[in-house]
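Chains as they are written, first to last, in this note's numbering: chain A, 184 to 523; chain B, 184 to 523.
All remarks here apply to the structure that follows.
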């Protein structure tokens with residue numbers, strides 16, 4: 184019997200839809216915080232297969248979700264290529280702001296050894312997965328990874344990155360190409376280790392003007408999707424072009440992903456008209472409605488379910504769970520969806 | 184002879200289009216920094232008519248732009264209603280994070296006296312305006328103003344505001360309603376003082392999920408536009424629903440603005456198909472292309488001009504000028520547009 188998540192990725196419409204939640208493994212769960220404290224720092228947690236597999240599976244035990252997503256971080260890819268990375272407690276990632284010479288120092292040769300513990304996590308999770316749940320691997324979109332490398336931190340504005348993309352297109356092309364090739368290798372290895380689908384998180388591509396969005400978000404995603412489809416014709420792929428706005432339809436049509444994620448601001452009914460009907464839609468509850476709970480959660484959930492009924496749909500958030508979220512609100516969300 | 188900017192707002196297509204730039208008066212100009220130093224703090228500058236009028240007119244002297252926009256800040260409205268506001272040097276605005284009881288303490292009675300110096304600035308600018316240039320007044324969209332009040336600062340995430348909008352809809356409705364009424368008063372007074380058009384900056388409405396965007400960004404804008412159109416039937420109005428994505432067409436159609444601004448991520452050709460043809464489009468060069476200058480600036484400028492040729496279009500940025508921008512790049516942009 185094919186798992187519900189994989190049936191939807193193959194184009195089938197199920198009601199109620201399968202559900203998983205971005206950042207479903209994380210700080211809002213006390214059992215996560217316990218493992219995190221045991222690991223010490225965040226990179227250690229991501230590279231300790233037993234611990235990373237444990238936190239990956241925790242939310243499935245609590246809530247009976249339809250998928251596990253590998254516990255890791257989009258910045259583990261540049262880290263695996265020798266690029267500096269640390270996580271400042273409570274402040275997010277910090278990287279050495281990129282100099283142009285760093286681009287050619289990114290070391291794809293290091294990748295196989297460096298990602299070995301992450302692939303071991305994939306194997307452990309797959310072996311421990313509940314029967315009906317699917318395992319999702321992931322990577323960051325090349326532009327999004329480049330944002331953190333060039334600016335050295337998050338924040339959402341990424342002024343150095345945007346200036347580099349406009350002002351030094353040759354160098355920026357080279358950076359994106361290297362990250363694109365490494366992403367193909369990385370996602371391919373996750374699939375070989377047992378990931379049943381993979382998702383590309385292009386969290387920040389939508390801050391670009393449209394022509395650069397096409398060049399640095401759509402074109403690399405198309406290249407990644409085509410390479411993986413050639414190597415793994417049976418494996419379905421998910422793209423998440425956050426902030427793509429009115430370009431979500433073009434993103435879906437050009438990249439050839441089997442599903443695309445919608446961010447919180449997207450009207451699911453509008454997206455359903457823009458995205459080819461052969462492509463499943465994923466999303467897009469506002470994590471703030473999940474945090475609020477009660478009427479707001481019920482109303483927003485019902486609205487999304489109604490807007491996408493009859494369409495291939497994976498219920499999810501439009502952005503990650505916030506750490507203050509009461510786990511009971513997640514349980515209430517699951518109950519609401521399954522009683523729909 | 185009607186001013187070019189007002190002709191476009193009345194639906195006429197001009198080529199090359201009239202041009203003005205968000206934050207055209209500001210820190211990138213040495214003559215602005217001199218006046219700012221003289222004024223001391225930012226609120227003093229905004230409430231000193233001679234100084235505020237001087238900085239409003241500075242960029243027109245340098246670049247021969249088609250419009251002046253009142254030098255002020257969207258947070259001068261809550262300030263004028265007695266809400267605390269200060270500008271931390273280099274860090275942006277700081278306000279006391281809103282408590283529910285504060286909503287009923289917002290004092291519309293204070294408004295006329297508190298905004299008197301701002302209206303005097305409008306009169307001075309209008310009297311000193313070059314013949315072909317138009318004067319634009321403005322206010323923040325009620326939701327955007329609420330974001331700064333509820334969270335107490337900028338940053339783009341506004342988690343307290345989004346939680347309040349979901350979790351306490353009655354209180355949030357009341358806050359938005361009070362700000363909407365005050366905005367009508369404020370913009371009406373600017374028009375009476377000499378503003379030839381007014382613009383509503385809904386800079387952060389697009390972070391809301393679609394139903395809340397309709398309730399807290401579209402509906403208040405519609406109310407503001409309708410009230411002003413009734414009182415001033417000849418005055419044209421501009422709305423700027425930043426981050427509206429695929430909802431820009433609905434925003435334009437429902438609010439009834441005469442022009443809508445496009446943010447940097449919007450594809451002008453796509454927006455031109457979504458927005459009713461009777462509505463002029465404003466925008467949307469990436470300020471980072473202006474900062475980069477050279478080929479990037481020329482290419483992006485030409486692309487926008489070509490995409491909107493034949494449409495009523497006001498050339499502008501998609502977001503404000505960044506302080507590091509060389510003034511010569513602005514001169515190069517103007518020369519490029521006018522030679523098109």
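Backbone N, C-alpha and C define an ideal beta-carbon position, used for all residues, glycine too.
Nothing here was measured: the structure is a model prediction, and the numbers come from that model.
| Rounded C-beta distance between residue 381 (chain A) and residue 420 (chain A)? I'm assuming under 8 Å. | Translated into the one-based positions of the first chain, residue 381 (chain A) becomes position 198. Translated into the one-based positions of the first chain, residue 420 (chain A) becomes position 237. The pair is a contact, with the Cβ atoms about 6 Å apart (cut-off 8 Å).
| Quick one: which chain A residues come within Cβ less than 8 Å of residue 520 (chain B)? | As a working note, residue 520 (chain B) is residue 337 in the second chain. The contacting residues do not exist; residue 520 (chain B) stays about 17 Å from chain A at best.
| request: Quickly, what does DSSP pair residue 269 (chain A) with across the bridge? List them, please. | output: Position 86 of the first chain, counted from the start, is the residue given in the question as residue 269 (chain A). Its beta-bridge partners are A:277.
| request: Only counting runs of 3 or more residues, tell me where the beta strand (DSSP E) segments fall wholly within the stretch 484-512 of chain A, in order along the chain. | output: 496-500
| request: Using a Cβ-Cβ cut-off of 7 Å, state whether residue 428 (chain B) counts as contacting chain A. | output: Numbered from 1 along the second chain, position 245 holds the residue referred to as residue 428 (chain B). Interface residue, yes.
| task | Check whether the stretch 250-265 of chain B touches the stretch 296-303 of chain B, taking contact to mean three or more Cβ pairs, one atom from each stretch, closer than 8 Å. | result | Yes: at least three Cβ pairs fall under 8 Å.
| query | Taking Cβ positions, are residue 283 (chain B) and residue 354 (chain B) nearer each other than 7 Å? | reply | Residue mapping note: residue 283 (chain B) aligns to position 100 of the second chain, counting from 1. Residue mapping note: residue 354 (chain B) aligns to position 171 of the second chain, counting from 1. Yes. Within cutoff.
| Nearest to residue 477 (chain A) by CA position, among A:238, A:464 and A:516, is which residue? | For the purposes of this step, residue 477 (chain A) is taken as residue 294 along the first chain, with counting starting at 1. Comparing Cα-Cα distances from residue 477 (chain A) to each of A:238, A:464 and A:516, the minimum goes to A:516.
| field | Under 7 Å between C-beta atoms of residue 368 (chain B) and residue 289 (chain B) | value | Reading the second chain from its first residue, position 185 is the one you call residue 368 (chain B). Reading the second chain from its first residue, position 106 is the one you call residue 289 (chain B). No, these two residues do not count as a Cβ contact at 7 Å.
| field | chain A contacts from the stretch 191-215 of chain B (Cβ-Cβ distance under 7 Å) | value | none
| Sheet register partners of residue 381 (chain B) (DSSP bridge) | If you number the second chain from 1, residue 381 (chain B) lands on position 198. For residue 381 (chain B), which the question treats as bridged, DSSP gives the partners B:320 and B:420.
| field | Residue burial classification, residue 213 (chain A) (beta-carbon count within 10 angstroms, cutoff 16) | value | Reading the first chain from its first residue, position 30 is the one you call residue 213 (chain A). Burial call: exposed.
| task | Please decide whether residue 350 (chain A) counts as near chain B, where near means a Cβ-Cβ distance under 7 Å. | result | Residue 350 (chain A) sits at position 167 when you count from the first residue of the first chain. Answer yes: the Cβ-Cβ gap between residue 350 (chain A) and chain B drops below 7 Å somewhere.
| residue 207 (chain A), enclosing alpha helix (DSSP H) - first and last residue | As a first step, residue 207 (chain A) is located in the first chain; it is residue number 24 there, counting from the start. From DSSP, residue 207 (chain A) is part of no alpha helix (DSSP H); its letter is neither H nor E.
| field | Under the three-state DSSP convention, the category residue 257 (chain A) falls into | value | In the first chain, the residue the question calls residue 257 (chain A) occupies position 74. Annotated three-state conformation of residue 257 (chain A) is coil, per DSSP.
| query | In angstroms, rounded to a whole number, what distance separates the CA positions of residue 244 (chain B) and residue 275 (chain A)? | reply | Sequence index remark: in the second chain, residue 244 (chain B) carries index 61 (1-based). Sequence index remark: in the first chain, residue 275 (chain A) carries index 92 (1-based). Roughly 45 Å between the two C-alpha positions.
| request: Entirely within the stretch 326-412 of chain A and at least 3 residues each: give me those beta strand (DSSP E) ranges in chain order. | output: 380-385
| field | Extent of the continuous alpha helix (DSSP H) run through residue 283 (chain B) | value | Reading the second chain from its first residue, position 100 is the one you call residue 283 (chain B). 283-286 is the span of the alpha helix (DSSP H), which, as asked, contains residue 283 (chain B).
| Along chain B, which residues have their Cβ under 7 Å away from the Cβ of residue 483 (chain A)? | Along the first chain, one-based indexing puts residue 483 (chain A) at 300. Residues of chain B passing the Cβ test: 392.
| Contacting positions in the stretch 468-480 of chain B - beta carbon closer than 7 Å to chain A | Residues passing the 7 Å Cβ filter: 469, 471, 472, 474, 475 and 479.
| said: With a threshold of 8 Å, are at least 3 pairs of Cβ atoms found where one atom belongs to the stretch 436-446 of chain B and the other to the stretch 360-374 of chain A? | reply: no
| Can the beta-carbon of residue 389 (chain A) be found closer than 7 Å to that of residue 427 (chain A)? | Here the question's residue 389 (chain A) lines up with position 206 in the first chain. Here the question's residue 427 (chain A) lines up with position 244 in the first chain. In this structure, residue 427 (chain A) lies closer than 7 Å to residue 389 (chain A) by Cβ.
| message | Less than 6 Å between C-beta atoms, sequence neighbours within five positions excluded: which residues of the same chain meet that for residue 334 (chain A)? | response | On the first chain, position 151 is the one that residue 334 (chain A) refers to. Excluding sequence neighbours, residue 334 (chain A) sits near 341, 343 and 344.
| field | Within 7 Å, strictly: CB atoms of residue 513 (chain B) and residue 246 (chain B) | value | The residue given as residue 513 (chain B) occupies position 330 in the second chain. The residue given as residue 246 (chain B) occupies position 63 in the second chain. Yes; because the gap between Cβ atoms is below 7 Å, this pair is in contact.
| said: If distances are taken between C-alpha atoms only, which option among A:494, A:500 and A:237 comes closest to residue 194 (chain A)? | reply: In the first chain, the residue the question calls residue 194 (chain A) occupies position 11. Per the Cα distances, A:494.
| message | Would residue 251 (chain B) and residue 308 (chain B) qualify as a contact pair, given that the criterion is a beta-carbon distance under 7 Å? | response | Locating residue 251 (chain B) in the second chain gives position 68, counting from the first residue. Locating residue 308 (chain B) in the second chain gives position 125, counting from the first residue. Yes, the pair counts as a contact, with Cβ atoms nearer than the cut-off.
| query | Whose C-alpha, out of B:498, B:453 and B:314, is nearest the C-alpha of residue 203 (chain B)? | reply | In the second chain, residue 203 (chain B) corresponds to position 20, counting from 1. Minimum Cα distance to residue 203 (chain B) is reached at B:498.
| C-beta atoms of residue 463 (chain B) and residue 192 (chain B) nearer than 7 Å | In the second chain, residue 463 (chain B) corresponds to position 280, counting from 1. In the second chain, residue 192 (chain B) corresponds to position 9, counting from 1. Their beta carbons are under 7 Å apart, which means residue 463 (chain B) touches residue 192 (chain B) by this criterion.
| task | Below 8 Å CB to CB, which residues in the same chain sit around residue 455 (chain A) once its five sequence neighbours on both sides are set aside? | result | Residue 455 (chain A) sits at position 272 when you count from the first residue of the first chain. Closer than 8 Å at the Cβ level, and outside the excluded window around residue 455 (chain A), lie 464, 490, 491 and 494.
| Near-chain A residues of the stretch 281-298 of chain B - C-beta to any C-beta below 9 Å | none
| As assigned by DSSP and simplified to three states, the class of residue 202 (chain A) | By one-based count along the first chain, residue 202 (chain A) stands at place 19. Here DSSP, grouped into helix, strand and coil, assigns residue 202 (chain A) to strand.
| Can you give the beta carbon distance from residue 234 (chain A) to residue 311 (chain A), rounded, assuming they're within the 8 Å contact cut? | The residue labelled residue 234 (chain A) in the question sits at position 51 within the first chain. The residue labelled residue 311 (chain A) in the question sits at position 128 within the first chain. At roughly 13 Å, the Cβ-Cβ gap does not stay under 8 Å, so residue 234 (chain A) and residue 311 (chain A) are not in contact.
| request: Thinking residue 211 (chain A) and residue 504 (chain A) are a contact (beta carbons under 8 Å), I'd like their distance in whole angstroms, please. | output: Stepping through the first chain from its first residue, residue 211 (chain A) is reached at position 28. Stepping through the first chain from its first residue, residue 504 (chain A) is reached at position 321. Between residue 504 (chain A) and residue 211 (chain A) the Cβ distance is about 6 Å, and since that is below 8 Å, they are a contact.
| Euclidean distance between Cα positions of residue 434 (chain B) and residue 370 (chain A) | For the purposes of this step, residue 434 (chain B) is identified with residue 251 of the second chain, where counting begins at 1. For the purposes of this step, residue 370 (chain A) is identified with residue 187 of the first chain, where counting begins at 1. Approximately 40 Å between the Cα atoms of the pair.
| field | Contact set between the stretch 373-389 of chain A and chain B, restricted to residues whose Cβ is under 8 Å from the partner | value | 389
| field | Neighbouring residues, chain A, relative to residue 453 (chain B) (Cβ below 8 Å) | value | Against the second chain, residue 453 (chain B) aligns to sequence position 270. Within chain A, the residues near residue 453 (chain B) are 393, 429 and 430.
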